[in-house]
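Residue numbers (our numbering): 1 to 558. Think of the CB as a built atom: it goes at the ideal place given N, C-alpha and C, for glycine as much as any other residue. Accompanying notes for the structure given below.
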Amino acid sequence: MFLIIDQPVKKGSLKIIMTGRELVLKAIKMETTERAPWVPFVGCHGGALIGAGADELLKNAELIVKAQLKAVELYSADGIPVSFDLQVEAEALGCELKWEKLNPPAVSSHVLHNKKVSDLVLPDINSGRIPVMVDAARKLRIALPDTALYGLITGPFTLALHLMGADVFMEMYDDPDSLKELLRFCTKVGKVLIDGYLDAGCDIIALVDPMTSQISPTHFKEFVTPECTDLFSYVREKNALSSFFVCGDALKNLEVMCDCKPDNVSVDENIPLDIVKNICMERKVSFGGNLRLTTALLNGTPDQNAILAYQCLKTGGTTGYIIAPGCDMPYDVPVENIQAVAGVATDEYKREIAAELEKKGFSEEYQLFDMSDYGHADKVVVDIITLDSEACAPCQYMVESVKAVVPQFDELVIWREHKIKSPDSVAFMASLMVKNVPTICIDGKITFVSVIPSRDQLIEVLQDRIYKKLKRKIKRKQTKITVVVADCEKCQEAFTNVKTAVTELGLDILVESSDDMELAKSYGVKELPAIILSTSQLKASEHVPEVKIIKEWLKDLM
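See below:
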């Protein structure tokens, strides 16, 4: 906190300027601040700022410190995370990681596939990369005395997914007691990290548990609430503050998240900010978010981001609100886009400019694909709309659930991931009318939204779709298109166009040409070419149908 003294000194000339750290702490405590504090969630993006890949950055405390200091300088941050890596604990417990230059690592093997929970050894402050993160926190605390420092830990449910894989979802039904044992162990792991970060000088412990967006409130209360409540209580006993980070469509669980008694809840753009505000304020929990990660920060313009930041600030207000992205920002987010948000968040004049820009509006329209015929091919198409399965845990495990099932269907089912970090994938998402990620669409139909299906659920849905397609294919095989032609150019063109249309739709329909003018005349045709589509449909065999049943068939022809 600083005192600004105007000269000469007179009544009302003393103006108190709060540090960013003080602003963040007051907001988290549900106090009114002169402006909403601004916290950019810089993780692997820090590597882009200093010319290092995420695979270098997240293994080196010195690089982490350099990156976060650069981020605070460029983005006028009131608060900053030490890092944003939800695989630290899993790696320390024996999971293998797949490293990427442009993304945080992803868990590539699940240690509990070969071990029991009782075989796991609780890590300590020197296990794996934990000392890297704690060392970075200690150095950042010294370098940034006026900036709020967040220490991030992986939430119990997400850590359980890393250790066990998607089998966690079956365990909720098949062996809930064993899953609860695992979650209790994950809570103990969390306390190791909490102690390390608080001893290093962090102000806020952020419990990041994105996988909880994939379960129901009932399952949340049974499996997640006891462990997260314990962790937030542990932070409170140490006179520190806490935040609960959950990305994805977590609206259904927002109330039970608040009931875990965190000091703050932070969400992404999947949940409207006004709803977050109402639910959190009623429960006296501060809130943060929900700048758009991909459609705006990554793929938008500075003006678009300024407008969206201004809208967040208008909605969030100045009591208990922190403006922030919904999650770890992508590696190559344009610096100018984040600076546009920073300017609106910290500078009153730039907020006024953003207000004027908002009046003019901006277009968020995408060139949509024509999806009217999507899903008509013989194979079943599974489209998974994700942020990025290599950077987002819910996306990773949704993709893994599909990959595990598809081989059972040989070549009858194909799957594709659409990462909305690219404009084309955003347009595809909009064309399917998908609003939340991750989402599974089957043959263009939204099927699973922010819920990872169990193996049995996914198999059942795919089997049903294959059966329906088989029935339709049987009907199509008894459909025939006859093009009655003469020896003329337009007749040949008509026949070619019919063949092309059938090919482009991937249909298995017989197309034949005929010079039978009498056939054409029977349909009232006087001039060729004539295109005749006929369908034969089996209605009965081996038995004599009743008259009333035959009448029902005939009504379809009337």
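Sub-8 angstroms separation of residue i and residue j beta-carbons
| i | j | result |
| --- | --- | --- |
| ILE440 | VAL382 | yes |
| ALA206 | PHE245 | yes |
| GLU255 | ILE279 | yes |
| ALA220 | SER454 | What sits at residue 220 in the sequence shown is Phe, not Ala. No, Cβ-Cβ distance for PHE220 and SER454 is not below 8 angstroms. |
| CYS202 | GLY151 | yes |
| ALA137 | VAL82 | yes |
| ILE442 | ARG465 | yes |
| VAL511 | VAL498 | yes |
| ALA27 | SER286 | yes |
| LEU273 | GLY289 | yes |
| VAL380 | LEU412 | yes |
| ASN264 | SER243 | yes |
| ALA501 | VAL483 | no |
| LEU63 | LEU57 | yes |
Residue closest to residue i, alpha-carbon to alpha-carbon, out of the options
| i | options | result |
| --- | --- | --- |
| PRO529 | ALA501, ILE323, THR496 | THR496 |
| ARG283 | LEU291, GLY300, ASP259 | ASP259 |
| VAL485 | ALA48, GLY289, ASP515 | ASP515 |
| GLY47 | THR346, LEU554, VAL333 | VAL333 |
| ILE385 | ILE442, HIS418, VAL402 | HIS418 |
| GLU73 | GLY317, LEU144, GLU222, ASP249 | LEU144 |
| GLY317 | ALA342, MET281, LEU293 | MET281 |
| LYS490 | ASP175, ILE531, SER108 | ILE531 |
| ILE153 | ILE215, CYS228, LEU179 | CYS228 |
| GLY444 | LYS403, PRO302, ALA377, VAL88 | ALA377 |
| SER401 | LEU368, ARG184, GLN457 | GLN457 |
| HIS45 | LYS29, ILE17, TYR75, SER127 | TYR75 |
| ASP135 | ASP195, ALA540, ASP487, ILE452 | ASP195 |
| VAL405 | ASP268, GLN68, ALA166 | ALA166 |
| GLU222 | MET172, LEU122, GLN492 | MET172 |
| LEU507 | HIS543, SER522, LEU470, ALA540 | LEU470 |
Same chain, Cβ closer than 7 angstroms to residue i, five either side skipped, listed in chain order
| i | result |
| --- | --- |
| LEU23 | THR33, PRO37, ASP78 |
| GLY20 | PRO37, ALA77, ASP78, GLY79, ASP146, THR147, ALA148 |
| ALA355 | TYR310 |
| PRO131 | ILE125 |
| LYS66 | ILE50 |
| PRO325 | PRO40, PHE41, LEU291, LEU293, LEU297 |
| LEU357 | ASP303, ALA306, ILE307 |
| VAL461 | ILE442, THR447 |
Residue i versus residue j: straight-line alpha-carbon distance, rounded
| i | j | result |
| --- | --- | --- |
| LEU231 | THR187 | 7 angstroms |
| ALA340 | ALA306 | 5 angstroms |
| GLU91 | ASP328 | 19 angstroms |
| ASN103 | CYS395 | 13 angstroms |
| VAL111 | LYS139 | 32 angstroms |
| THR447 | ASN436 | 12 angstroms |
| ALA241 | GLU31 | The question names Ala, yet the displayed sequence has Leu at residue 241. Near 14 angstroms, if we compare the C-alpha coordinates of GLU31 and LEU241. |
| GLN7 | ILE204 | Any answer about GLN7 is weak, because its pLDDT of 46 lies below 50 and its placement is not dependable; what the coordinates show is given next. Looking at the two C-alpha atoms, the distance is approximately 38 angstroms. |
| TYR321 | CYS247 | 17 angstroms |
| SER513 | THR503 | 16 angstroms |
| ALA520 | SER534 | 13 angstroms |
| LEU182 | VAL117 | 6 angstroms |
| LYS261 | PRO407 | 43 angstroms |
| LYS11 | PHE84 | Model confidence at LYS11 stands at a pLDDT of 44, short of 50, so the residue's coordinates are unreliable and nothing is read from them. |
| ASP424 | VAL276 | 30 angstroms |
| GLU390 | HIS162 | 13 angstroms |
| PHE369 | LYS403 | 26 angstroms |
| GLY559 | ALA61 | Missing from the structure shown is residue 559; the chain here goes from 1 to 558 and no further. |
| ILE353 | LYS252 | 36 angstroms |
| LYS59 | GLY128 | 10 angstroms |
| TRP553 | LEU159 | 58 angstroms |
Contact set for residue i: own chain, Cβ-Cβ below 6 angstroms, skip 5 residues either direction
| i | result |
| --- | --- |
| PHE157 | ASP209, MET211, THR212, VAL224 |
| LYS238 | LEU198 |
| PRO545 | none |
| ASN438 | The sequence shown places Pro at residue 438, rather than the Asn named in the question. Counting only Cβ-Cβ distances below 6 angstroms, and skipping sequence neighbours, we find THR386, PRO394, CYS395, MET398. |
| SER450 | SER213, GLY248, ASP249, ASN436 |
| TYR374 | GLY444 |
| ASP487 | none |
Same chain, Cβ closer than 8 angstroms to residue i, five either side skipped, listed in chain order
| i | result |
| --- | --- |
| ASP55 | TRP99, GLU100, LYS101, PRO105 |
| VAL9 | Since pLDDT at VAL9 reaches only 43, below the 50 mark, its modelled position is unreliable, and the value read off the structure follows with that caveat. Once the five neighbours on either side are set aside, VAL9 has no close Cβ partner at all. |
| LYS421 | THR294, LEU298, ASN299, PRO330, LEU387, ASP388 |
| GLN87 | CYS95, LEU97, PRO104, PRO105, ALA106, VAL107, THR154, HIS162 |
CB contact below 8 angstroms: residue i versus chain B
| i | result |
| --- | --- |
| VAL72 | In the structure shown, chain B cannot be found, because there is only a single protein chain. |
Residue i beta carbon near the ligand ZN (any heavy atom closer than 7 angstroms)
| i | result |
| --- | --- |
| LEU97 | Inclusion of the ligand ZN in the displayed structure is not the case, the ligand content being empty and no account of it being possible. |
Threshold first: 4 residues or longer. Then list the alpha helix (DSSP H) segments lying entirely within the region 435 to 484, N to C. Annotation: the region 435 to 484 contains the following complete segments of the alpha helix (DSSP H) (minimum length 4 residues), in chain order: 455 to 476.
Can you give, in chain order, each stretch of the beta strand (DSSP E) that sits fully within the region 165 to 214 and has at least 3 residues? 204 to 208
### Task
Starting from the N-terminal side, write out each stretch of the alpha helix (DSSP H) that is 4 residues or longer and does not extend beyond the region 488 to 519.
489 to 504
**OP:** Any chance you could list the beta strand (DSSP E) runs of at least 3 consecutive residues sitting entirely within the region 401 to 439, in chain order?
**Re:** 413 to 419
May I have a chain-ordered list of the alpha helix (DSSP H) segments no shorter than 4 residues that lie completely inside the region 39 to 77? 45 to 50, 54 to 57, 61 to 75
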